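The opening residue of the sequence shown carries number 1216 in the numbering used here; numbering runs sequentially from there. All C-beta atoms in this analysis are idealised placements derived from N, C-alpha and C, irrespective of residue type, glycine included. Remember, predicted model here, so these are calculated numbers, not experimental data. Worksheet: one structure, shown below.
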Amino acid sequence: MWSHVAGWNIIPLGRGFFELEFQNSRDLEVVLVAGSLNLDLGLLRLSLWQPDFNPRTHKNTFAQVWLRMLELPQEYWSPRIILAIASAVGTPISLDKATSDRKYGHFARVLIEIDLANKIPTQLLVEREGYAFFVYFVFDRLPMFCSICKSIGM
C-alpha cells in the first residue's frame, strides 16, 4: 500500500477507527499528502489525531454505500455522467466493475460517501435542453442512523 514508507503499524481502535503509527514524521507527511486511499472494500479516510479522541463516543455521520441508479437511459452511461449524477447524492468513490465494463444495463452502481445527517434523496431530475427525466436511487446496505444522537448505529 505504502511501499515508499519505511515502516508503519496499524492499531485497531474499534468502531471502524484505526491508529496508524509511522517511524518518522516525514513518512507521516508523505501519507497525508497522498490523502485518502481507495481500497477494494472502500475508501480509507486519513486524518490527524485529535486530543481526547474516543472511538466509542465519536459521532460519525459519514458512511460508504453502494448507490444504484435506476432508469438511466443508455446514452447517459458514461463514467463522467454517472459520477456527476452520483455527486448530487454524495462524494463518488468508484464505479463497480459491471458498470464500468458495461456488463449490466439494468442499473448503474457507484460507491459513494454520504452524510447520513442530511436528507437522502430517492430520485433526481436530470435536465438537458429539450429533455428531462428522473433517475431513481436505491442504496445497498444503508447503515442505521440515529437522528437523536446524530450518529451511525442505534
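Beta-carbon gap between residue i and residue j smaller than 7 Å
| i | j | result |
| --- | --- | --- |
| I1327 | A1303 | no |
| K1274 | S1366 | yes |
Contacting residues, own chain, Cβ-Cβ under 6 Å from residue i (five flanking each side not counted)
| i | result |
| --- | --- |
| F1232 | P1270 |
| Q1238 | A1221 and G1222 |
| D1330 | T1276 and F1277 |
| F1230 | Rather than Phe, the amino acid found at residue 1230 in this sequence is Arg. So the list reads P1270, once near-sequence residues are dropped. |
Other residues of its chain near residue i: CB distance less than 8 Å, five sequence neighbours each side excluded
| i | result |
| --- | --- |
| F1348 | E1286, P1288, L1340 and V1341 |
| L1298 | P1307, L1310 and V1325 |
| M1284 | I1297, I1300, A1301, F1322, A1323, R1324, V1325, V1350, Y1351 and F1352 |
| C1364 | K1274 |
Alpha-carbon to alpha-carbon, residue j and residue i
| i | j | result |
| --- | --- | --- |
| N1333 | S1240 | 36 Å |
| D1267 | K1312 | 40 Å |
| P1358 | I1335 | 12 Å |
| L1263 | F1360 | 25 Å |
| V1245 | L1282 | 32 Å |
| E1236 | L1254 | 19 Å |
| F1354 | Y1346 | 26 Å |
| I1226 | E1234 | 5 Å |
| L1247 | L1228 | 20 Å |
| D1242 | H1219 | 8 Å |
Close Cβ partners of residue i (< 7 Å) along its chain, the five nearest in sequence each way excluded
| i | result |
| --- | --- |
| Q1338 | F1349, V1350, Y1351 and F1352 |
| R1317 | W1292 |
| N1224 | E1236 |
| Y1319 | A1313 |
Worksheet item: Hey, which unbroken runs of the beta strand (DSSP E) at 3 residues or more fall wholly within the stretch 1293-1320?
Response: The qualifying runs are 1306-1310.
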